[in-house]
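There are 2 protein chains.
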Amino acid sequence: MAALRADMFEEICPSTLLPFRIGTDKWAGMVLRCLEDGPRRYSELRVPLARISPKMLTQSLRALERDGFVRRTVGERRVTYELTDLGRSLLEPLKLMCAWAEDHWDELLDARES
Amino acid sequence: MAALRADMFEEICPSTLLPFRIGTDKWAGMVLRCLEDGPRRYSELRVPLARISPKMLTQSLRALERDGFVRRTVGERRVTYELTDLGRSLLEPLKLMCAWAEDHWDELLDARES
DNA sequence: AAGGGTGGTTACCGATTGGATACCGTGGTG
DNA sequence: CACCACGGTATCCAATCGGTAACCACCCTT
């Protein structure tokens with residue numbers, strides 16, 4: 001499983017422009033995408049989500065856990081977060097939305113400019 | 001084109017539970033769904049969106065217009081709102097998300113309870 | 001014993017969101 | 001003329017969201 005890149009959300013995914021939101025808060029969608037490839041640790045998640053504060057990361061993870069999308073596991077030396085089946089099933093519509101956004105990116109920008 | 005029902009969002013679509021959001025604000029998704037079948041008038045939209053305040057409806061519609069999803073037309077005797085092509089293209093992923101929500105509704109509720 | 005990494009929590013604060021309510025101009029209608 | 005529907009605005013207020021910064025307990029290494 002590859003390490004998460006620090007620039008994962010920097011420029012590719014200015015999600016404020018996207019007309020979609022996953023989860024209740026601003027970061028939930030990005031957190032989900034970070035968990036796509038398997039379980040991650042708290043500190044690991046902070047790399048791609050460089051601009052998130054520890055408070056918000058905790059808050060997001062707790063909300064995702066409460067809603068059954070993420071499972072938190074306290075190990076001996078580590079705490080890991082991973083998608084549940086329900087959370088994984090969310091990835092499908094999420095990817096469709098990202099595909100939609102790519103397809104209509106130019107139109108979105110045009111509309112915003114004027 | 002059938003009239004919009006007052007209970008369109010009452011119980012079926014408690015969108016606060018949904019882990020998706022369309023548009024920037026709370027109501028945008030519901031407004032889009034109200035426009036599925038064709039142009040609607042301001043007062044017509046207030047029927048299914050019974051709990052929306054006029055301020056929020058205006059705000060939502062203006063945002064949707066700004067972003068190119070909705071076209072506002074001032075007629076002689078009426079003002080109508082309708083989906084643009086871009087807005088219509090949003091319906092596809094939106095429906096997929098609603099389908100997802102229906103499929104996983106029980107799991108969503110279960111997770112919320114505990 | 002001291003220091004560092006992990007995985008957070010807490011307090012505080014400003015900005016944004018959302019809701020309730022009242023009001024308003026225009027154009028028909030009785 | 002009075003009244004009503006339409007399509008909104010204007011104000012005010014409460015709650016929520018998100019950010020900064022400080023702090024903390026635990027474990028490991030040196």
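Chains Z and E, in that order, are what the protein sequence lines are.
Residue numbers for the first sequence follow the UniProt record's numbering, so the first one is 1 and each next one is one higher.
Residue numbers for the second sequence follow the UniProt record's numbering, so the first one is 1 and each next one is one higher.
Backbone N, C-alpha and C fix where the C-beta goes; we use that ideal spot for every residue, glycine too.
These figures come from a predicted structure and were not determined experimentally.
Residue 58 of chain E in three-state terms, based on DSSP: helix
Span separating the alpha-carbon of residue 105 of chain E from that of residue 77 of chain E: 43 Å
Beta-carbon proximity of residue 9 of chain Z to residue 32 of chain Z, cut-off 8 Å: no
Given residue 79 of chain Z as reference, the closest of Z/6, Z/23 and Z/45 once Cα atoms are compared: Among Z/6, Z/23 and Z/45, the Cα nearest to that of residue 79 of chain Z belongs to Z/45.
Secondary structure, beta strand (DSSP E): runs of 3+ residues fully inside the UniProt domain "HTH hxlR-type" (13–109) of chain E: 20–22, 70–74 and 79–83
CB contact check: residue 105 of chain Z to chain E, cutoff 8 Å: no
Residues of its chain near residue 25 of chain E, where Cβ-Cβ distance is below 6 Å and the 5 sequence neighbours each way are ignored: 60
Selection from E/67, E/38, E/21 and E/30 that minimises the alpha carbon distance to residue 50 of chain E: E/30
Own chain, CB closer than 7 Å to residue 38 of chain E, minus 5 neighbours either side, in chain order: 1 and 82
Residue 96 of chain Z and residue 36 of chain Z closer than 8 Å at C-beta: No, they are not a contact pair.
Euclidean distance between Cα positions of residue 112 of chain Z and residue 74 of chain Z: If I take the Cα positions, the gap works out to 44 Å.
Beta-carbon proximity list for residue 54 of chain Z, same chain, < 8 Å, skipping 5 on both sides: Closer than 8 Å at Cβ, skipping near neighbours: 46.
Residue nearest to residue 114 of chain Z in terms of C-alpha spacing, selected from E/22, E/17, E/64 and E/34: E/64
Assigned exposure category for residue 12 of chain Z - 16 Cβ within 10 Å defines buried: Caution is warranted here: a pLDDT of 49 is assigned to residue 12 of chain Z, below 50, making its placement in the model unreliable, and no coordinate value can be reported.
Anticipated Cβ contact below 8 Å, residue 21 of chain Z with residue 66 of chain E, distance rounded: The Cβ separation is near 17 Å, so there is no contact.
Classification of residue 3 of chain Z by the beta-carbon crowding that lies within 10 angstroms, buried from 16 upward: Note on residue 3 of chain Z: under 16 other CB atoms within 10 angstroms of its CB, so exposed under the neighbour-count rule.
Interface positions of the segment 31–49 of chain E facing chain Z (Cβ-Cβ less than 9 Å), listed along the chain: none
C-alpha distance - residue 98 of chain E paired with residue 108 of chain E, whole-angstrom precision: 13 Å
Close-in-space but distant-in-sequence residues of the same chain around residue 48 of chain E (CB under 7 Å, 5 per side omitted): 4, 5, 6, 8, 9 and 34
Near-chain E residues of the segment 76–100 of chain Z - C-beta to any C-beta below 8 Å: 86, 89, 90, 92, 93, 96, 97 and 100
Beta-carbon neighbours of residue 25 of chain Z, restricted to chain E and to distances below 8 Å: Simply none; closest approach about 10 Å.
Residue burial classification, residue 94 of chain Z (beta-carbon count within 10 angstroms, cutoff 16): buried
C-alpha distance - residue 102 of chain Z paired with residue 87 of chain E, whole-angstrom precision: 15 Å
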